[in-house]
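Just below is one structure, and these are the notes that go with it.
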Amino acid sequence: GRVHFIIRKPKAAWLSNVIFGGPDRNILYVTCGDSVYRRKVSATGVDSWRAPVKPPKPRL
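Just so it is clear: in the sequence shown, position 25 is 98 by this note's numbering, and no numbers are missing.
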């Protein structure tokens, strides 16, 4: 897929989990070291158990 954004790690520890959440799946949750971080993003996550969807054509 396409790269929509790059976010720096919140601290020097390894990332142990990254997942989209929230009612609209537009909140990125990250576990890093002994902390959990969240950030609202413009991308939307999908459910892994649902059928694939065709994304809209990119605007140039």
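Glycine included, every Cβ here is placed at the ideal spot set by N, Cα and C.
All values reported here derive from a predicted model rather than from experimental measurement.
Distance CB(residue i)-CB(residue j) smaller than 8 Å
i	j	result
residue 83	residue 114	no
residue 106	residue 124	no
residue 99	residue 117	yes
residue 112	residue 80	yes
For residue i, the first and last residue of its enclosing beta strand (DSSP E)
i	result
residue 104	100-105
residue 93	88-94
residue 108	108-113
Local Cβ density within 10 Å of residue i, reported as buried at 16 or more and exposed below that
i	result
residue 101	buried
Beta-carbon contacts of residue i that lie in its chain and below 6 Å, excluding the five residues immediately before and after
i	result
residue 110	83, 103
residue 121	none
Contact set for residue i: own chain, Cβ-Cβ below 7 Å, skip 5 residues either direction
i	result
residue 94	100, 102
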